[in-house]
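Heads up: the sequence lines are chains A and B, in that order. Numbering follows this note's numbering, in which position 303 of the first sequence is assigned residue number 288; successive positions increment by one, without gaps. Numbering follows this note's numbering, in which position 75 of the second sequence is assigned residue number 60; successive positions increment by one, without gaps. We put the beta carbon where it would ideally sit given N, CA and C, even for glycine. Single-structure report; data block below.
Number of protein chains: 2
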Amino acid sequence: MIKVGIVGYGNLGRGVEVNLKNAPDMELVGIFTRREPSSINTDSPVYALESIYDFKDKMDVVILCGGSRTDIPEQGPMLAEYFNTVDSYDNHAQIPIYFASMDNVAQANRTVAVIATGWDPGLFSLNRLLGEAILPQGESYTFWGKGLSQGHGDAVRRVNGIKDAVQYTIPNQDLIDQINRGEEIVYDSHSAHKREVFAVLEEGADAASVENDIKSMPDYFENYETTIHFITEAELKADHQGLPHGGHVIRSGYTSEENHHLYDFKLQLDSNPEFTAAVNVAYARAAARLAREGVIGAKTVFDIAPAYLSPFDGEELRQRLL
Amino acid sequence: MIKVGIVGYGNLGRGVEVNLKNAPDMELVGIFTRREPSSINTDSPVYALESIYDFKDKMDVVILCGGSRTDIPEQGPMLAEYFNTVDSYDNHAQIPIYFASMDNVAQANRTVAVIATGWDPGLFSLNRLLGEAILPQGESYTFWGKGLSQGHGDAVRRVNGIKDAVQYTIPNQDLIDQINRGEEIVYDSHSAHKREVFAVLEEGADAASVENDIKSMPDYFENYETTIHFITEAELKADHQGLPHGGHVIRSGYTSEENHHLYDFKLQLDSNPEFTAAVNVAYARAAARLAREGVIGAKTVFDIAPAYLSPFDGEELRQRLL
């Protein structure tokens, strides 16, 4: 059995706990939290984060489930000194720096640190690489959604007159259909995505002026096609509590002048954190197995042979899935 | 530069020749054929197959482009004794035997033999593995088409009264839509695919009886929804000379009782052999690089880290694609 620790118990940590139940070859040793352990509502063992070093030889891999802004950059290098780690660090621009810092620690301490797994970065990155490697003459497109965007929801909730709100990012299906037909398109983030807001107004707020404040917000909504629905608090609670997400990675390319090919990878997820956690769990299996083989250092989805993700051996995989 | 040989010059061999022009880090050393070399119409160097052993130290990898029925099982083990090889052996049922025979030779001679690349087996296999590893609670579905099926076309052309014909395999889009909506479906090869035939009748043949002979052919058409269009020879030549193919690998799974996720990988290919060749070329790059690192033995798409497929280094891949 591969023994696993969870660091951090928000949506992602809970998702890892759920997904470990689907893994016949893995078991949860404990959840490690900065909160008071007794305050955590779960049947799994919960420990104070400081005590994690007592588990040095009792866990094959720990999955870092904190935020990418401050938690992971801080905890990653500290924990990689003692444990094999997996994280879903998703600050794309900072990945090279984070990779270097994790690689230094993991090389020096002979651990494996799998960084930036999940679906984007993660499975989407893998498909961007495969699409480009197989069809070097072509264009790659990433579309996100339909999905709940936490950052955009936060921005709307800060607008005066808004009591509560959610925001969905919606891919431009017309553009996807055009790519499917092999047509040339003009792709930018603004044309590729629409934004849909479901918002509850404060009592007495002026809908027209609130709508204008949202739609004119630079970076977040300006220059996007944005639709705003004002709904009741009861409707928001009833219909918008999920955390769906997904998207496409598409490679549209040519092998010769005559022959066009379309490569399209799509995810449609009821729960963004639970699916991200599912990917983390598969890469945690890989991290533990690589470590057993003596591999060390930081790794990404690009560096790991797919067979390491499966609990089945090569012979069965070739017979059943090849 | 990675130096490449092509063995066999049918549709696939021509596809590899075309795709090598898109690979900045690879060069074609020669095409090796059982035919008279001077009879081959190409600008590339062509040699008799028997002379390939003279090129032992002049090629980093050879791509086997013969048929899976007799060519590859015979040539593979012979050539893996001297060269790193890549093939698109596609006889699914025989893959374990072929793997073992190639692994024996490659281990003994310290070469790398990448077997069964292409898109199915190949990219579709990779997605069957990833989908299952990430969503262990779920079902996988493979749909083929819309695509030209050589074997079914051959079967129709053997029917009395048929002068010429092509057959397209068409996936059942209703079933795919149902899976997309997370519905339970009954999947079998018959319900998942429809068959469409475009046929030219011999003069004086009876259309109704020919139609009946086709539709009642066991294994090939019986129990499939089959549509037959009788067309003229001119129409067949004008509209049905391509070799399109493609399909879907779908994983429909749950991480918890509430949360359903859909994983859908789709290919839509103008030319089956040219795209298969594009995949072969990327795996030939991987084979040559693995061999330089001292790796030996038979490998499949499951065993090769994706980064090996790309001409770019890890730092660039992380910065640009992760």
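Check, Outcome
"Under 8 Å, CB to CB, which of the residues in the segment 217 to 229 of chain A have a partner in chain B?", "none"
"So which of Val90/B, Ile80/B and Val(-8)/B has the shortest CA-CA distance to Leu49/B?", "Val(-8)/B"
"So, is Asn26/A buried or exposed, given that buried needs 16 or more other C-beta atoms within 10 angstroms?", "exposed"
"What does Leu111/B touch in chain A if you count any residue whose Cβ is under 7 Å from its own?", "Pro291"
"Going by DSSP, what residues sit across from Gln253/A in a beta bridge?", "Gly231/A and Leu247/B"
"Using the beta-carbon of each residue, which ones in chain A are nearer than 7 Å to Asn244/B?", "Asp255, Ser256 and Glu259"
"Look at the Cβ atom of Ser256/B, then the Cβ atom of Leu228/B, and state whether they are nearer than 8 Å.", "yes"
"In chain order, what residues of the same chain have a beta carbon less than 7 Å from the beta carbon of Tyr209/B, not counting five sequence neighbours either side?", "His175, His178, Lys179 and Arg180"
"Would you mind telling me which residues of chain B sit closer than 8 Å to Gln60/A, beta carbon to beta carbon, in chain order?", "Within 8 Å Cβ-Cβ: nothing; Gln60/A doesn't reach chain B, min ~20 Å."
"From the beta carbon of Pro81/A, is the nearest beta carbon of chain B less than 8 Å away?", "yes"
"Tell me the residue span of the beta strand (DSSP E) that contains Lys(-12)/B.", "Ile(-13) to Val(-8)"
"Who pairs with Leu49/B in a beta bridge, going by DSSP?", "Val(-8)/B and Asp72/B"
"Run the CB neighbour count on Gln253/A, radius 10 Å, all protein chains shown included, and call it buried at 16 or more, exposed below.", "buried"
"Going by the DSSP bridge assignment, what does Gly123/A pair with across the sheet?", "Gly238/A"
"Give me the residue from Ala269/B, Arg277/B and Glu278/B with the minimum Cα distance to Glu12/B.", "Ala269/B"
"Run through chain A and tell me which residues come within less than 7 Å of Pro106/B, C-beta to C-beta.", "Leu307"
"Using a cut-off of 8 Å between C-beta atoms, extract the partners of Lys131/B located in chain A.", "Neighbours of Lys131/B on chain A: none; closest Cβ ~12 Å, over 8 Å."
"List, in chain order, every chain A residue whose beta-carbon is nearer than 7 Å to that of Ala267/B.", "Ala118 and Ile119"
"Please identify, using Cβ separations under 8 Å, the residues of the segment 23 to 56 of chain A that lie next to chain B, in order along the chain.", "none"
"Quick one: list the residues of chain B neighbouring Asp288/A, beta-carbon separation under 9 Å, in chain order.", "Ala290, Pro291, Ala292 and Gly299"
"Report yes or no: do the segment 135 to 153 of chain A and the segment 183 to 190 of chain A share at least 3 C-beta pairs separated by less than 8 Å?", "yes"
"Could you confirm whether any beta carbon from chain B is found closer than 8 Å to the beta carbon of Tyr126/A?", "no"
"Alpha carbon to alpha carbon, how far is His225/B from Ser295/B? Give it in angstroms, no decimals.", "34 Å"
"Applying the criterion that 16 or more other CB atoms from any shown protein chain within 10 Å of the CB defines a buried residue, is Glu259/A buried or exposed?", "buried"
"Taking Cβ to Cβ, would you say Pro106/B is nearer than 8 Å to Leu307/A?", "yes"
"What does Arg303/B touch in chain A if you count any residue whose Cβ is under 7 Å from its own?", "Ile80, Pro81, Phe84 and Thr285"
"Can you confirm whether the segment 49 to 63 of chain A touches the segment 233 to 249 of chain A when touching is taken to mean that 3 or more C-beta pairs between the two stretches lie within less than 8 Å?", "no"
"Taking 8 Å as the cut-off, decide whether the C-beta atoms of Gly299/B and Ala290/B are in contact.", "no"
"Among Phe40/A, Ile82/A and Glu196/A, which residue has its Cα nearest to the Cα of Leu64/A?", "Phe40/A"
"Would you list, in sequence order, the uninterrupted alpha helix (DSSP H) runs of no fewer than 4 residues that lie entirely inside the segment 128 to 200 of chain B?", "135 to 142, 158 to 165, 174 to 177 and 192 to 200"
"Going along the chain, which residues of the segment 192 to 210 of chain B sit with their C-beta nearer than 9 Å to a C-beta in chain A?", "none"
"Starting from Phe84/A, follow the alpha helix (DSSP H) in both directions and report where the run begins and ends.", "Ile80 to Asn94"
"Of all the CB atoms in chain A, is at least one closer than 8 Å to the CB of Asp72/B?", "no"
"Using C-beta distances below 6 Å, list every residue in its chain close to Gly103/B, excluding the 5 sequence neighbours before and after it, in chain order.", "Ser73, Thr261 and Val264"
"If you draw a straight line from the alpha carbon of Val171/B to that of Ile164/A, how long is it in whole angstroms?", "31 Å"
"Look at the alpha carbon of Lys6/A and the alpha carbon of Gln135/B, and state the distance between them as a whole number of angstroms.", "45 Å"
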